[in-house]
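Colleague: Handing you this structure, nothing more for now.
Residue numbers (this note's numbering): 5 to 115.
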């Protein structure tokens with residue numbers, strides 16, 4: 005029995021198999037979707053946030069901005085850093101914005 009994963013024929017280590025991506029699509033801007041968006045942009049990933057309509061899209065983007073404002077109030081973030089993070093988020097209501105090279109996460113409410 006092989007002692008290590010890499011000794012198994014036809015396998016790769018996680019390090020070799022990791023896929024690097026710079027663009028992410030998040031479908032759903034609820035609390036989970038917003039957390040994913042913020043985490044991704046903090047790691048230098050551009051995010052396309054898709055919502056069901058303009059009203060919920062505007063609300064989701066405002067919630068993200070408000071959450072970053074709370075971090076500014078705690079001295080955990082600067083206004084300049086907030087602007088950089090927000091500039092990496094594009095909000096849309098059309099699936100036609102999705103391209104093949106993007107990684108997609110569905111974060112829709114389950115109710």
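All residues carry an ideal CB built from backbone N, CA and C; glycine is no exception.
From this set, 86, 114, 73, 33, which residue's C-alpha is nearest residue 59's C-alpha?
Modeller: If you number the chain shown from 1, residue 59 lands on position 55. Closest option to residue 59, Cα to Cα, is 33.
Colleague: Per DSSP, residue 25 forms a beta bridge with which residues?
Modeller: Here residue 25 refers to the residue found at position 21 when the chain shown is read from its first residue. Looking at the DSSP assignment, residue 25 forms no beta bridge with any residue, so it has no partner.
Colleague: Quick one: Cα of residue 51 to Cα of residue 88, how far?
Modeller: Indexing the chain shown from 1 puts residue 51 at position 47. Indexing the chain shown from 1 puts residue 88 at position 84. Looking at the two C-alpha atoms, the distance is approximately 12 angstroms.
Colleague: Taking the DSSP output, what are the residues bridged to residue 96?
Modeller: Counted from its first residue, the chain shown places residue 96 at position 92. DSSP, once it has assigned bridges, lists 54 as partnering residue 96.
Colleague: Taking only three categories from DSSP, how would you classify residue 105?
Modeller: Here residue 105 refers to the residue found at position 101 of the chain shown. Coil, per DSSP.
Colleague: Please state whether the Cβ-Cβ distance between residue 45 and residue 92 is less than 7 angstroms.
Modeller: In the chain shown, residue 45 corresponds to position 41, counting from 1. In the chain shown, residue 92 corresponds to position 88, counting from 1. In this structure, residue 92 lies closer than 7 angstroms to residue 45 by Cβ.
Colleague: Taking 6 angstroms as the limit between beta carbons, can you name the residues of its chain near residue 95, skipping five residues before and five after?
Modeller: As a first step, residue 95 is located in the chain shown; it is residue number 91 there, counting from the start. Taken in chain order, the residues that qualify are 53, 61, 65.
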